[in-house]
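Peer 1:
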Amino acid sequence: MNARAAAAALPDDPVVPSPTARLTGHGLGIDIGGTGIKAAVVDLATGELVTERIREKTPSPSTPEAVVDVVADICHRLEAMGALTPDLPGGAGFPAVIKAGRPMTASNVDEGWIGAPAQQLLSQRLGRPIEVLNDADAAGVAEISHGAGKGKAGTVLLLTIGTGIGSALFVDGLLVPNLELGHLEFHGKDAEHRLSGAARERRKLGWKRWGREFDAYLKAMERWFWPDLIILGGGVSKSLDKYEKYLSTRAPLVPAAMLNTAGIVGAAMAGANAARAARATTVPPATGSRSSRPSTARPPAAGRRSAGPRSAGSRSTGH
């Protein structure tokens with residue numbers, strides 16, 4: 001897959017920053033996972049958190065109503081700190097394929113999320129535009145912009161290994177969205193059911209046996225995508241020194257640099273970029289000028305976008 005193909009985002013895909021985007025100011029980042037929900041306010045230019053990271057357990061069952069309640073409670077606490085002001089847009093990483101702001105899958109959350117208007121529910125409840133995207137894609141956006149993938153050309157593959165296995169693929173900095181490589185078949189099962197951090201503990205595997213199985217999975221990734229760099233994120237990446245000697249990848253393999261803040265930071269960046277794209281569509285062109293650029297985003301709180309043409313993210317620079 002070349003960069004042109006990666007750039008051809010479908011109208012239903014999230015609006016993520018392009019490699020040339022330069023974001024400034026602050027944004028709200030939310031990371032919704034199968035076991036925890038986290039949020040903070042982010043400095044978009046540096047990728048640093050400007051508030052503490054607030055974390056709560058994901059409710060069980062993790063229905064849309066229950067999850068939105070927890071997210072709202074966390075955001076109210078951030079508002080009480082004074083850093084989350086009404087003008088700040090936000091983004092939320094979610095463990096699912098996301099199309100038109102709606103989860104299409106539900107591997108690690110309640111099945112009631114499938115087809116639910118997640119983007120609309122969060123935007124309305126929080127009173128601000130929220131861009132929803134796949135959680136691994138959000139982590140990848142952060143790592144490409146501020147972390148281990150910064151400045152890396154070619155094909156970069158991020159794998160987040162925790163409750164499940166998330167994946168994000170970038171070609172010359174451009175995201176190929178919703179690439180759920182944790183659900184590929186591996187030894188007769190979804191890969192994440194055998195190789196995630198939760199699966200390693202459930203199967204009571206030592207690092208040696210798990211590392212050798214994971215190495216076989218990585219070899220399959222290399223046969224299919226020929227990455228120039230592999231980044232490992234998620235909880236298991238913190239123990240890379242315990243199993244790295246059992247891995248034999250062709251591509252350089254490095255731990256994620258942003259660890260448990262990556263999903264928050266990437267979500268905030270996607271949210272700010274989508275809000276900027278939405279503002280650009282509402283500014284009338286100067287008299288006598290002719291704009292050849294199509295609309296790049298839907299109205300911020302809408303649950304579904306127009307099917308009209310658009311570019312992959314915002315290609316402009318500056319705020």
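Residue numbering for the sequence shown follows the numbering used here, beginning at 1 and increasing consecutively.
Ideal Cβ placement from N, Cα and C applies to all residues, glycine included.
In this text, all values refer to a predicted model and were calculated from it rather than measured experimentally.
(1) Using 8 Å as the Cβ pair cut-off and three pairs as the minimum, do the region 263-272 and the region 187-195 touch?
(2) Quick check: the region 148-165 against the region 220-230, are there 3 or more CB pairs under 8 Å?
(3) Which residues bound the alpha helix (DSSP H) around residue 197?
(4) Would you kindly work out how many angstroms separate the C-alpha atoms of residue 260 and residue 64, rounded to a whole number?
(5) Return the Cβ separation of residue 161 and residue 50 in integer angstroms, given the expectation that the two are a contact with Cβ distance under 8 Å.
(6) Taking the alpha-carbon positions, what's the residue 329 to residue 194 distance?
(7) Let me know if residue 76 comes out buried or exposed under the rule of 16 or more other beta-carbons within 10 Å of its beta-carbon.
(8) Going by Cα to Cα distance, which pick from 34, 211, 125 is closest to residue 69?
(9) Say yes only if the C-beta of residue 59 is nearer than 6 Å to one or more non-hydrogen atoms of the ligand MN, and no if none qualify.
(10) Near residue 339, which residues of its chain fall below 6 Å by C-beta distance, leaving aside the five closest residues on each side in sequence?
(11) If we ignore side chains and look at the alpha-carbon of each, how far apart do residue 20 and residue 81 end up?
(12) With distances taken from CA atoms, which of 52, 28, 32 is nearest residue 66?
(13) My output table needs one value for residue 73: the three-state DSSP class, helix, strand or coil.
(14) What ranges does the beta strand (DSSP E) occupy inside the region 177-248, keeping only unbroken runs of at least 3 residues that lie completely in it?
(15) When you compare the CB positions of residue 257 and residue 147, do they come within less than 7 Å of one another, or not?
(16) Between which two residues does the alpha helix (DSSP H) containing residue 55 stretch?
(17) Output the boundary residues of the alpha helix (DSSP H) element that contains residue 132.
(18) Based on the DSSP secondary-structure assignment, which residues constitute the bridge partners of residue 30?
(19) In three-state terms, what does DSSP make of residue 121?
(20) If you drop the 5 nearest sequence neighbours on each side, which residues of the same chain put their C-beta closer than 7 Å to that of residue 246?
(21) I need the straight-line Cα distance from residue 122 to residue 130, nearest angstrom please.
(22) Thinking C-alpha only, which one of 34, 271, 30 is nearest residue 198?
(23) Taking residue 158 as part of the beta strand (DSSP E), name the residues at either end of that continuous run.
(24) What's the C-alpha gap between residue 158 and residue 18?
(25) With residue 14 as the anchor, note down where its beta strand (DSSP E) starts and where it stops.
(26) Put residue 169 into one of helix, strand or coil per three-state DSSP.
Peer 2: This is what the structure holds:
(1) Touching, no.
(2) Segments in contact, yes.
(3) Where residue 197 is concerned, the enclosing alpha helix (DSSP H) starts and stops at 197-202.
(4) The C-alpha of residue 260 lies about 23 Å from the C-alpha of residue 64.
(5) The C-beta distance from residue 161 to residue 50 rounds to 28 Å, too long to fall under 8 Å, and the pair is not in contact.
(6) The structure shown does not extend to residue 329, since the chain is modelled only from 1 through 319, so no value can be given for it.
(7) Residue 76 is exposed by the Cβ-count criterion.
(8) Relative to the Cα of residue 69, the nearest Cα in the group 34, 211, 125 belongs to 125.
(9) For the ligand MN, the structure offers nothing, since it holds no ligand at all.
(10) Beyond the ends of the chain as shown, which are 1 and 319, falls residue 339; an answer cannot be given.
(11) Roughly 32 Å between the two C-alpha positions.
(12) Minimum Cα distance to residue 66 is reached at 32.
(13) The three-state secondary structure of residue 73, taken from DSSP, is helix.
(14) Counting whole runs of 3 or more residues, the region 177-248 contains the beta strand (DSSP E) stretches 229-233.
(15) Judged by beta-carbon spacing, residue 147 lies within the 7 Å limit of residue 257, meaning their Cβ atoms are closer than that value.
(16) Looking at the DSSP string, residue 55 is not in any alpha helix (DSSP H); the run it does join, the beta strand (DSSP E), is 54-57.
(17) It is not in any alpha helix (DSSP H) - residue 132 instead sits in the beta strand (DSSP E) that spans 130-134.
(18) DSSP output for residue 30 lists 39, 92 as bridge partner(s).
(19) Look at residue 121 here: in three-state DSSP terms it is helix.
(20) If you ignore the 5 residues before and after residue 246, its C-beta comes within less than 7 Å of the C-beta of 208, 211, 212, 215, all in its own chain and listed in chain order.
(21) So the two alpha carbons sit approximately 7 Å from each other.
(22) Taking only the C-alpha atoms, the option nearest residue 198 is 34.
(23) Per DSSP, residue 158 belongs to the beta strand (DSSP E) from 155-161.
(24) Answer to the nearest angstrom: the Cα atoms are 17 Å apart.
(25) Unbroken run through residue 14: none, as it is neither H nor E.
(26) Strand, per DSSP.
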